[in-house]
Amino acid sequence: MRAVVFLLVQLVRFALYAAVHVLLISRLVLFELGWCFFYLGFLLFLPIGTPIVLLLLLSFAMGLTMDIFYDTGGLHAMAAVLLGYLRPWVLRLLTPRDGYDAADSVNVHLMGWQWFSVYLTLLVFIHHTAFFILELGSFRHLGQTLGKIFASSLFTGLALLIVQLLFFPVRRGRK
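Letter 10 of the sequence shown, counting from 1, is numbered 10 in the numbering used here, and no numbers are missing.
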């Protein structure tokens, strides 16, 4: 029963993040240099104890969904799967002294600003680097590509931070 509820909640989250990205956020571009990859919030804010196989499948599904809408030939899927693969490594790297509660989701209020900033910056930057380097296909316009990586990482990071502050609950103390 618990697994079914978890799956249904994740399917609703998947649909919400994909719909908001496709219908609203994808139209926001900063100076033809920065794009917001809002759909990454779905992958980044999954519960910490999400099994790696499920994480990779969800990453592929979200990336493929974006590729279908934007006709990007697998770029979103590849970068999303890379993010899904590296997420457990980054979580292990950032493990607090007391460890994680496997049921917890990534939450700025629960994990703290410093932890959340490092987590978000590292994974978003890796995703964007892979995406834009593969999109370019060469190192011919490296300066412009680096500009896209930094501007888009900042844009995406700020958008996901705002989502965390507005929609994720503040929890005081652990049970």
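We treat Cβ as the ideally placed atom computed from N, Cα and C, and that holds for glycine. Please read these numbers as outputs of a predicted model, since none were measured by experiment.
Presumed contact (8 Å Cβ cut-off) between residue i and residue j, rounded CB distance
i: alanine 3; j: threonine 65; result: Not confirmed; about 23 Å, so no contact.
i: phenylalanine 45; j: valine 106; result: 5 Å
i: valine 176; j: leucine 94; result: Because the chain spans 1 through 175 in this model, residue 176 falls outside it and cannot be assessed.
i: histidine 21; j: phenylalanine 38; result: 4 Å
i: phenylalanine 60; j: arginine 13; result: With a Cβ gap of about 16 Å, phenylalanine 60 and arginine 13 do not count as contacting.
i: leucine 54; j: tyrosine 85; result: About 13 Å; that fails the 8 Å criterion.
i: leucine 154; j: glycine 34; result: 7 Å
i: glycine 99; j: valine 81; result: Going by Cβ atoms, the distance from glycine 99 to valine 81 rounds to 27 Å, so no, they are not a contact pair.
i: leucine 161; j: leucine 120; result: 7 Å
Rounded C-alpha distance that separates residue i from residue j
i: histidine 127; j: methionine 78; result: 9 Å
i: leucine 91; j: glutamate 32; result: 33 Å
i: valine 170; j: glycine 157; result: 20 Å
i: leucine 123; j: threonine 129; result: 10 Å
i: lysine 175; j: histidine 76; result: In this prediction, lysine 175 has a pLDDT of 41, which is less than 50 and means its spatial position is unreliable; nothing more can be read from the coordinates.
i: leucine 16; j: cysteine 36; result: 16 Å
i: isoleucine 133; j: phenylalanine 139; result: 8 Å
i: glutamine 164; j: arginine 97; result: 23 Å
i: tryptophan 89; j: arginine 27; result: 32 Å
i: threonine 50; j: leucine 40; result: 16 Å
i: phenylalanine 131; j: aspartate 67; result: 12 Å
i: leucine 142; j: valine 29; result: 20 Å
i: alanine 159; j: methionine 1; result: 34 Å
i: valine 108; j: tryptophan 115; result: 8 Å
Bridge partners - residue i, DSSP secondary structure assignment
i: tryptophan 35; result: Val29
i: serine 105; result: Pro47
As assigned by DSSP and simplified to three states, the class of residue i
i: proline 96; result: coil
i: leucine 83; result: helix
i: aspartate 67; result: helix
i: valine 9; result: helix
i: proline 169; result: coil
Contiguous alpha helix (DSSP H) assignments of at least 4 residues, all confined to the region 132-167: Segments of the alpha helix (DSSP H) lying fully in the region 132-167: 142-167.
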